[in-house]
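Engineer: The structure follows.
Numbering (the numbering used here), first residue to last: 82 to 270.
Printed below as a string of structure tokens:
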């Protein structure tokens, strides 16, 4: 079962990313309020950083109120609001850069977890691993503290920004929602 706990202490999440999640919940006023309460704020400021513990508590509330399918739908709705760096222009490229985007939006002890100049990545939040397996197919392995079904939706949403008819399936084997360390998704378009 997803523990909704950070992997290490001292992790914060960029407010711009966090505000996207709050914006997605506009049509669910109760959930939006629950997320803000979990963060301990009245509104999310895009330029501030928020403790990952609060973000994970908010996801847990979404899970309790909407269930796994709700988390997946929530994840699918996030990518249209995310601003990508230049050069990300197709489904394979976005999935290949998923981990970099993830680390750019997290800090550990006040330091952004991916340095664009040196290409060095700080450990502590897990990863999104990408493997191209065909012209219109990839595997994405997630070993981070976020919920399985949210990550399924996120992978779908990121690929769908650049490709029609995306389908994401959970591959057989371990699953974080069942106590596993990682989840493996097949993304097709």
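Glycine residues also receive a C-beta, built at the ideal position from the N, C-alpha and C atoms.
Restricting to Cα atoms, I'd like to know which of 127, 139, 126 is closest to residue 118.
Structural biologist: The shortest C-alpha separation from residue 118 is found at 139.
Engineer: Please state whether the Cβ-Cβ distance between residue 98 and residue 225 is less than 8 Å.
Structural biologist: No; because the gap between Cβ atoms is not below 8 Å, this pair is not in contact.
Engineer: Got a sec? Which residues, its chain only, sit under 7 Å from residue 195 by beta carbon, not counting five neighbours each side?
Structural biologist: These residues qualify, in order along the chain: 181, 184, 185, 202.
Engineer: Would residue 158 and residue 105 be called neighbours here (beta carbons separated by less than 8 Å)?
Structural biologist: Against a cut-off of 8 Å, the Cβ pair of residue 105 and residue 158 comes out as a contact.
Engineer: Using CA coordinates, which residue listed in 245, 257, 256, 259 is at the minimum distance from residue 268?
Structural biologist: Closest by alpha carbon: 245.
Engineer: Going by beta-carbon coordinates alone, are residue 85 and residue 133 separated by less than 8 Å?
Structural biologist: No.
Engineer: By how many angstroms is the C-alpha of residue 212 removed from the C-alpha of residue 237?
Structural biologist: In a straight line, the C-alpha of residue 237 is about 15 Å away from that of residue 212.
Engineer: Check whether the Cβ atoms of residue 261 and residue 89 sit closer than 8 Å, and answer yes or no.
Structural biologist: No, they are not a contact pair.
Engineer: Span of the beta strand (DSSP E) holding residue 187?
Structural biologist: That run of the beta strand (DSSP E) goes 187 to 189.
Engineer: By the DSSP assignment, the alpha helix (DSSP H) with residue 237 in it spans what residues?
Structural biologist: Counting along the chain, the alpha helix (DSSP H) containing residue 237 begins and ends at 229 to 241.
Engineer: Hey, would you say residue 152 sits closer than 8 Å to residue 230, going by beta carbons?
Structural biologist: Yes, these two residues count as a Cβ contact at 8 Å.
Engineer: Excluding five sequence neighbours on each side, which residues of the same chain lie with their C-beta closer than 6 Å to the C-beta of residue 177?
Structural biologist: 211, listed in sequence order.
Engineer: Are residue 166 and residue 239 close, meaning C-beta to C-beta below 8 Å?
Structural biologist: No; because the gap between Cβ atoms is not below 8 Å, this pair is not in contact.
Engineer: Could you have a look at residue 169 and say whether DSSP puts it in helix, strand or coil?
Structural biologist: If DSSP states are grouped into helix, strand and coil, residue 169 belongs with coil.
Engineer: Taking 8 Å as the limit between beta carbons, can you name the residues of its chain near residue 128, skipping five residues before and five after?
Structural biologist: If we look at residue 128 and ignore the five residues flanking it on each side, its Cβ neighbours are 96, 97.
Engineer: Between the alpha carbons of residue 112 and residue 143, how many angstroms are there, rounded?
Structural biologist: Cα to Cα, residue 112 sits roughly 6 Å from residue 143.
Engineer: Give every residue of the same chain whose Cβ lies closer than 6 Å to the Cβ of residue 257, excluding the five residues on either side of it in the sequence, and list them in chain order.
Structural biologist: Excluding positions up to five away in sequence, the list reads 83, 229, 264.
Engineer: Would the beta-carbon of residue 233 fall within 8 Å of that of residue 251?
Structural biologist: Yes.
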